[in-house]
Each structure stands twice: as C-alpha cells, then as structure tokens.
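**Q** Here it is, the structure in full.
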Amino acid sequence: MSQPQVDEGYNKDTADTLRYKELFEKLDVNKDGRIEISELSTALAAKKNISNSQAVGHAKKLFKRADSDDSKSLDFSEFVEYMGKHETELKLAFSSLDKNKDGLIEPKEIQIALLDLGIDIDLEEAKRLTKRLDRDGNLKLSYEEWREFLQLYPHTDLEDIVKYWRASLMIDIGDNLTVPPEFTKKEKATGMWWRHLLAGGLAGAVSRTSTAPLDRLKILLQVHGASKNLGIASGFKYMINEGGIKSLWRGNGTNVLKIAPESAIKFAAFEQIKKFVQGDKKSIGVIERFASGASAGAFSQTCIYPLEVIKTRMAVMQSGEFKGILDCGLKIMQKEGFGALYRGYVPNLLGIIPYAGIDLTIYETLKQIYMKKNPEVKEPSVMLLLACGTASSTCGQLASYPLALVRTKLQARVTSHTSFLGLGKHIVENEGLLGLYRGIGPNFMKVLPAVSISYVIYEKAKSQLQVK
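Using my numbering, the letters of the sequence shown correspond one by one to residues -16 to 451.
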C-alpha cells in the first residue's frame, strides 16, 4: 500500500499539510497512493446535494486544474498544490462576502452580495443558506465552515459558488413549477437562461410522453368512467380495442406542444410581475415571490388554455374524428364558438393555488422533519428530495383533484352543465363524494415515474447543453 509523500519543495504549514493528507487518504479508496476521477466522483456524490452526473462533471473540472502531468490521476504533491491554490481563492471569495471584515459571514452580508449579482432574495432565504453551512448553530459562517463545504468544488468564482450553494437547498421537481427559475444578470446576458428552460422543456416532453398512456386513461375515466363502468384494466382494454396501441398516446402531441410557450410566457410574466411587486425595494419576500410566481402561472395558463381543451377533446375522441391539433381546434370553434376553448377555465385557475400551496408546504415540512430526526445527516440526498416531492405532489393532487375532474368534464362537453359548481353538485348527488376522485388511480401511478424521468432527463439535457 502506497502512502502519500509530501513534496518538500511546496511550502505549506504543517496543519494544512496534515489536513490535506487526511483528506487525500479518505479520497484514495483503493489505497494506491493516487486519486482517480471515479474516486473523486464517488466522494462528491456522497455529499448528497448533487446528482451523480454533476459529481462526475465537477470531478473532471477539478482534474483539469489539478492533474499537471495529465496522468488521469492525482498524486499527493499535485493534490497539495491544487488545494493550496484553491483555498487561497476560496479565502478571497469569503473575504468579498465578509463586508464588515469581522471574519464571519452573516445572512445580511449574503443578501447584499447576491443582490450585487442580480439575485433577489429576502433575509429568510439568506438565513437558510447560512444554516446550510453553519455547523455550530450561531447563524454565522466562519472561514473553516465555508472551506469545508467548498473544498472539493472546482470553481472559486463567487457567482458559480452561489449557484452551487442555492442548488444544494432544494431540487425543484414536478411537471409544473409554481415559481419560475430566477437567473443572474450574467446568465441572462450570456444566454444561459434559455438553456435552462430548454433542458426543462426536454425533460417535460420526455416525461409526459413516457406517462402519456396513464394520462389518457385518467382523462377517459374522468369523462366516461361512470357511464361506461370503466376501471384501470378495462380502461386500457377499451382504448386498445378502439384505436390500437398507438391510441394510448392520443392527445400527447398537444400536451408536449404547450410546454415551450407555457414556460416562456411564465418566465417572462414572472420577471415583469416581480419588478412591479418589488417597486423601489431592494428585494421581495417569500410570500411576494410565491404570489408573483402563481400570478405568472395563471397568466401563462390563460394564454395556452385552448391547447388544454384540445388535448382533452383529442384524448376522448373516437378514431378519425379529428385529423390533428389544428383540425380539432377549428371544428370546436365552428360548432361551439371561440368560448368553448375556455370551458373549465375557472376551476382550472382555482386549482392552481391549493395544489401549489400544499405541494410546497408539504415538501418543506417533510424535508425538515427528516433532517430534525436525523441530525447526523447534514445534506438531504437526491432520493430524499424525490421522495418528499412525490409525497407532496400526491397531497397537492388530493386537495385539487375534484376541481381538475370538473374542469376535464367541462372541457370534454359531455354534460349539459355549464357551471362548475352545478356540475360538482351533480357528481356528488349521483356518484357520491368518491365520484369527485374518479380517475385518480392512474394519476397517482404516474407521479413517481414522471418525477424520476424529469429529473434524469433534466440532468442529462443540462450536461449536453453545457449548462453550468
């Protein structure tokens, strides 16, 4: 077993050299006296705030800076030299955040520094960022705490550090984000923002296409479940007998088509609403940001809602009834008027707030409960975040599903009722309260695969698009 040897020509104090040796030996899993990319990737992934693909990316970037002889592995002297330079740069970044030069970073200083980068956060989020690194609970960061968190992160640019730091708090999941992503001035200027949106759009397209049969089954059960006495198995059989295997994806084209305009409109609206709400203030709070995001979501839904109606009509149509998306939209307007493209609009909007509010609240609550019960776990794992996201999404669906069912029935125009309250009352009187949850089985079945597929594709797309 080879032991790391200290390069005598490298002038570092004994305490740092011993610390580097301890870290080197921890990373050198096979004890051959060298660190491989695979070993470093494993260590980074074990930190649990980044995905495996991100860990590999970080490891490659670190090796690009540290592997001076291009041997695809690091010996101890290369490691010590890299760490010495890296920590010097981290010290400079720490100093730039430490506005009052007292050797500690406080939440207010973090808030000010992020504002300088064009990122508006309130004091509460700054405190959460502080707690993320704070080991002694004094709500202040020492250089040692800062260094420990970032010692294996390959960047020292403050803007890159902030993005990594904020991303470690929470991974956004689900097919509709309540609050659109915020981008720094640099990301907007370099065009990185559209790559993020494109990666999200690709993830949504693959996720929706993968779970489209379950989505069409849900719509079929909502609209015809009672009249045709359909369940999950009989529903699938009905669709295949009527239109073949291909019919399981009927309406998916519209569902995918609306991703791009909806995301773009929501992002643009969020930026404008946020500016209006913020006014002359330097930043906006969590509630104001949530309200701005919900308003942007409502606006984007208003713009693309006709596609929602077309998707539903195509999902419940008989084979050959419509030639395509455009034909479906034109026939609806010819027979029922333009207003038919907004049937179910009110319950759709009303469903946004309970779903979004409950989803976000349950997500944060579950995460906090786990972290409190497991104090030894400093960083939530990706699997924990996915589990919390799945549970919170399920709770949100339970609260908003009756409104979604009424909306779908109105969109499909299978009832003489035009009022969502009247239709809701009719369903309860004829089918009982459980009638408001018809079709929820397939909806639950698609949550976990949809979330997992979205996450994996999003990470792959970001890598291909070179999103940092």
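For each residue, glycine too, the CB sits at the ideal point set by N, CA and C.
From a predicted model like this one, the values you see are computed outputs, not experimental measurements.
#1: May I ask you to list the residues that DSSP assigns as paired with E19?
#2: Where do the N-terminal and C-terminal ends of the alpha helix (DSSP H) with P244 fall, by residue?
#3: How many angstroms separate the CA atom of W480 from the CA atom of P330?
#4: Quick check on E412: buried or exposed, where buried means 16 or more other Cβ atoms within 10 Å of its Cβ?
#5: With DSSP collapsed to three states, give me the class of L124.
#6: Residues in the same chain with beta-carbon distance under 8 Å from G407, minus the five sequence neighbours each way, listed in chain order, please.
#7: Using DSSP's beta-bridge definition, name the partner residues of I88.
#8: Classify Q452 as helix, strand or coil using the three-state DSSP reduction.
#9: Are three or more beta carbon pairs between the stretch 414 to 433 and the stretch 198 to 216 nearer than 8 Å?
#10: Please report how far the alpha carbon of A209 lies from the alpha carbon of L231, in whole angstroms.
#11: Taking its Cβ as the centre, do 16 or more other Cβ atoms sit within 10 Å of I228, making it buried, or is it exposed?
#12: Where does T295 land, buried or exposed, given buried means 16+ other C-beta within 10 angstroms?
#13: Just to confirm before moving on: does the CB-CB distance between L45 and L23 stay below 8 Å?
#14: Just to confirm, is the Cβ distance from A469 to F253 under 8 Å?
#15: For V430, tell me which candidate among A281, S193, I223 and P90 has the shortest Cα-Cα distance.
#16: Mapping the DSSP letters down to three states, classify Q301 as helix, strand or coil.
#17: Can you give the Cα-Cα distance for I465 and F250, rounded to whole angstroms?
#18: Starting from W177 and walking both ways along the alpha helix (DSSP H), at which residues does that stretch end?
#19: For Q205, which of helix, strand or coil comes out of DSSP?
#20: Name the two residues that bound the continuous alpha helix (DSSP H) containing R2.
#21: Give me, in chain order, the residues of the same chain whose beta-carbon lies closer than 7 Å to that of Q(-12); leave out the 5 immediate sequence neighbours on both sides.
#22: Measure the beta-carbon distance from A186 to A444 and round it to whole angstroms, keeping in mind my assumption that it falls under 8 Å.
#23: In the DSSP assignment, find the alpha helix (DSSP H) that holds N13 and state where it starts and stops.
#24: Please report how far the alpha carbon of G276 lies from the alpha carbon of Y338, in whole angstroms.
#25: If we call anything under 8 Å between Cβ atoms a contact, is L27 one with A42?
#26: Measuring straight from C-alpha to C-alpha, what distance separates A387 and L309?
#27: Exposed or buried, G174, counting other C-beta atoms within 10 Å across all chains shown (16 or more means buried)?
#28: Quick one: using the 10 Å Cβ neighbour count with 16 as the cut-off for buried, is G184 buried or exposed?
#29: With 16 other CB atoms within 10 Å as the buried threshold, where does L98 fall?
#30: For the alpha helix (DSSP H) containing L116, list its first residue and its last residue.
#31: So, is L404 buried or exposed, given that buried needs 16 or more other C-beta atoms within 10 angstroms?
#32: Can you give me the C-alpha to C-alpha distance between H409 and H207, rounded to a whole angstrom?
#33: In angstroms with no decimal places, state the Cα-to-Cα distance between K84 and L75.
#34: Less than 8 Å separating the beta-carbons of G379 and I341?
#35: I88 and W129 look like a contact to me (Cβ under 8 Å); what is the Cβ gap, rounded to whole Å?
#36: Taking the alpha helix (DSSP H) that L406 belongs to, which residues open and close that run?
**A** Per the coordinate set shown:
#1: S56
#2: I242 to Q261
#3: With the chain running from -16 to 451 in the structure shown, residue 480 is simply not present.
#4: exposed
#5: strand
#6: P385, V389 and L419
#7: L124
#8: Lying before the first or after the last residue shown, residue 452 is absent from the chain, which here runs from -16 to 451.
#9: yes
#10: 20 Å
#11: exposed
#12: buried
#13: yes
#14: No statement about residue 469 is possible, as the shown extent of the chain runs from -16 to 451 and does not include it.
#15: S193
#16: coil
#17: Residue 465 lies beyond the stretch modelled for the chain, which goes from -16 to 451, so this question has no answer here.
#18: M175 to S193
#19: helix
#20: T(-3) to L10
#21: Interpretation of Q(-12) is limited by its pLDDT of 49, a score under 50 that renders its predicted location unreliable; the figure taken from the coordinates is listed afterwards. Excluding residues within five positions, the ones whose Cβ falls inside 7 Å are F59.
#22: 6 Å
#23: Looking at the DSSP string, N13 is not in any alpha helix (DSSP H), and its letter there is neither H nor E.
#24: 13 Å
#25: yes
#26: 24 Å
#27: exposed
#28: buried
#29: exposed
#30: L106 to L116
#31: exposed
#32: 15 Å
#33: 12 Å
#34: yes
#35: 7 Å
#36: F403 to E414
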